[in-house]
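First the structure, in the form of structure tokens, and then the observations on it.
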């Protein structure tokens with residue numbers, strides 16, 4: 012007989028393993044999504060290449076640097092948005108399959124449930140992004156000789172904390188509104204793309220959006236990764252960025268769980284768990 | 034002295050809906066409470082099969098969901114083996130599993146994958162699981178070939194058997210069965226009933242069986258509660274109820290008490 016902690020660990024890997032089984036069965040979809048990710052990143056890379064024929068290559072404008080700037084944005088956005096949506100869809104997915112009541116009846120803490128989904132999303136996202144990165148390197152001859160990979164990885168790891176918190180907050184939406192929750196998750200993702208400096212610096216945004224950008228953890232994740240990959244910022248240089256990201260995580264993860272707990276209680280009071288249409 | 038398997042005191046549950054009065058303009062919609070369960074008292078001692086009989090909308094599924102910690106009662110307390118379903122929900126879930134009318138699975142996954150997942154949620158390892166899955170499915174009359182096929186390729190009867198196997202895999206002390214044979218063909222229905230009979234004979238388990246199949250209730254239940262409109266109409270063994278009302282079958286008892294048959298009331302289930 013294993014203890015409560017062993018039981019929670021078993022469940023944690025159970026959620027991750029279930030996601031693996033689901034992805035294996037839907038492998039054609041995954042091939043399509045991988046293709047889409049590659050095409051998206053390549054499009055952004057070629058967009059940068061095409062800037063010179065539009066007359067943007069003169070003066071101090073460094074086309075090569077611009078291309079790398081955009082490619083890093085596209086690659087990271089692909090990864091971060093995948094992790095975000097996987098976690099945010101934890102509830103929506105169970106609604107589609109009709110298993111939500113069984114999952115909520117299982118003797119598992121909600122933190123274990125959601126962390127299990129996030130664990131799989133992080134591992135899967137890293138794998139998929141690595142493949143896209145290899146294709147991008149092959150096509151655009153990307154030079155990472157000046158990059159500090161360790162610094163970039165430290166930022167990437169730290170960015171997981173606020174991202175998971177944000178994703179848990181978003182996963183509440185299908186619990187609050189079975190009919191509109193999924194679409195609202197997309198709206199949140201789209202807004203983050205707009206304000207987080209994925210393809211442009213925040214300074215080009217109107218001030219209300221710029222302000223929203225400073226509140227987005229993705230802004231700091233992207234800025235930190237770019238400074239390591241483009242300017243060679245070391246792990247030590249990244250400490251302020253890491254501190255901001257972890258600080259945001261410390262706020263967002265407990266906030267996410269608190270809001271999720273409230274939404275779960277509300278759904279049980281109003282009988283919203285079963286409704287799927 | 035051990036706690037009752039189920040102890041319910043004054044549990045009430047209503048669902049709030051926005052409704053428009055007939056003929057009222059579309060923008061004038063008011064909130065209305067639809068009561069699914071009126072103040073309910075119920076004690077079920079460990080062991081045996083207790084049947085909850087009633088038509089759609091009688092409050093059966095609401096009761097099951099409250100005991101499964103999927104709904105919180107508006108008033109009163111409900112306890113499973115002494116644990117409160119609201120304040121001690123995690124502990125309750127360790128005791129309970131459920132088989133519902135729709136065999137809820139990840140349809141693209143195989144029975145094996147679905148059962149490994151369920152098993153992990155209840156703290157078992159996959160190494161322990163494979164042997165038990167084969168054993169239970171064999172007991173249910175499902176061949177080994179079925180184990181690795183996607184659930185969507187199985188018949189309703191096969192899916193329902195896998196649902197029962199899944200619930201037994203987690204060794205619950207209280208099994209909530211919400212119309213487990215509804216929609217099955219007569220042969221599958223008999224097979225599922227036989228499996229339930231066999232399994233309850235083999236292990237110490239309390240079963241709460243919701244059904245509107247009176248023959249099934251008479252065959253499987255040690256005790257029967259009749260529910261209608263969220264009220265308990267009758268409580269006793271099938272023989273007691275028939276004797277008390279001078280009726281030949283439970284269906285006749287229900288008709289005498291309500292003036293309607295179970296099939297006649299096909300109103301939408303109150304629990305959404």
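Protein chains in written order, with the working numbering: chain A, 12 to 288; chain S, 34 to 305.
All C-beta atoms in this analysis are idealised placements derived from N, C-alpha and C, irrespective of residue type, glycine included.
- In the three-state reduction of the DSSP assignment, residue 70 of chain S falls in the strand class, which pools E and B.
- With respect to the 8 Å criterion, residue 158 of chain S and residue 21 of chain A are classified as neighbours on the basis of their beta carbons.
- Within chain A, 108 have C-beta atoms less than 7 Å from the C-beta of residue 140 of chain S, given in sequence order.
- The beta carbon of residue 284 of chain A sits closer than 8 Å to some beta carbon of chain S.
- By a beta-carbon distance limit of 8 Å, residue 239 of chain S contacts residue 79 of chain S. Their separation comes to about 5 Å.
- For the pair residue 73 of chain S and residue 254 of chain A, the Cα-to-Cα distance works out to about 54 Å.
- With fewer than 16 other Cβ atoms inside 10 Å of its own Cβ, residue 15 of chain A counts as exposed.
- Using beta-carbon distances, residue 277 of chain S does not count as an interface residue toward chain A, since no partner is under 8 Å.
- Under the Cβ distance rule, residue 158 of chain S counts among the residues neighbouring chain A, one pair being separated by less than 8 Å.
- When DSSP states are grouped into helix, strand and coil, residue 222 of chain S belongs to the helix group.
- Taking all protein chains in view, the Cβ of residue 57 of chain A is surrounded by fewer than 16 other Cβ atoms within 10 Å, so the residue is classified as exposed.
- Annotated as distal: residue 232 of chain A and residue 182 of chain A, with beta-carbon spacing of 8 Å or more.
- Listed along chain S, the residues sitting closer than 8 Å to residue 116 of chain A by beta-carbon distance are 101, 102, 103, 126, 129, 130, 131.
- In summary, residue 105 of chain A is buried, with 16 or more beta-carbon neighbours lying within 10 Å of its beta-carbon over all protein chains present.
- Three or more Cβ pairs drawn from the region 82-94 of chain A and the region 36-56 of chain A lie within less than 8 Å of each other, which places the two stretches in contact.
- Of all residues in the region 45-73 of chain S, the ones placed with a Cβ closer than 8 Å to any Cβ belonging to chain A are 48, 49, in chain order.
- Interface residue (Cβ-Cβ distance to chain A less than 8 Å): residue 137 of chain S is classified as such.
- The alpha carbon of residue 122 of chain A has as its nearest neighbour, out of A:270, A:284, A:283, the alpha carbon of A:270.
- Residue 44 of chain S is a Cβ neighbour of residue 70 of chain S, given a cutoff of 8 Å.
- Closest in alpha carbon position to residue 224 of chain A, among A:235, A:240, A:138, A:206, is A:206.
- The beta carbon of residue 65 of chain A sits closer than 6 Å to none of the beta carbons in its chain outside the five residues before and after it.
- Residue 175 of chain S sits in coil when the DSSP states are folded into three classes, being neither helix nor strand.
- Segment contact: the region 260-267 of chain A against the region 231-250 of chain A, fewer than three CB-CB distances shorter than 8 Å; contact not assigned.
- Every alpha helix (DSSP H) of 4 residues or more that sits fully in the region 229-282 of chain S is shown, in chain order, as 247-253, 271-277.
- Counting C-beta atoms within 10 angstroms of its own C-beta, residue 152 of chain S has 16 or more neighbours from the protein chains shown and is therefore classed as buried.
- Using beta-carbon distances, residue 52 of chain A does not count as an interface residue toward chain S, since no partner is under 8 Å.
- In the DSSP annotation of this structure, the continuous segment of the alpha helix (DSSP H) that includes residue 52 of chain A starts and ends at 38-61.
- Following the DSSP letters along the chain, one finds residue 146 of chain A in no beta strand (DSSP E) but inside the alpha helix (DSSP H) bounded by residues 121-151.
- Under the three-state reduction of DSSP output, residue 159 of chain A falls in the coil class, being neither helix nor strand.
- With respect to the C-alpha of residue 137 of chain A, the residue from A:149, A:266, A:168 having the closest C-alpha is A:168.
- Contact of residue 101 of chain A with chain S is not assigned, every C-beta pair being separated by 8 Å or more.
- Of the other Cβ atoms in all chains shown, fewer than 16 fall within 10 Å of the Cβ of residue 145 of chain A; this residue is therefore exposed.
- Spanning the alpha carbons of residue 88 of chain A and residue 130 of chain S requires a straight line of approximately 41 Å.
- Residue 88 of chain S and residue 260 of chain S have their C-alpha atoms some 8 Å from each other.
- The beta carbon of residue 281 of chain S sits closer than 8 Å to the beta carbons of 275 from its chain, once the five residues preceding and following it are set aside; these are given in chain order.
- A Cβ-Cβ separation of about 6 Å places residue 275 of chain A in contact with residue 186 of chain A under the 8 Å criterion.
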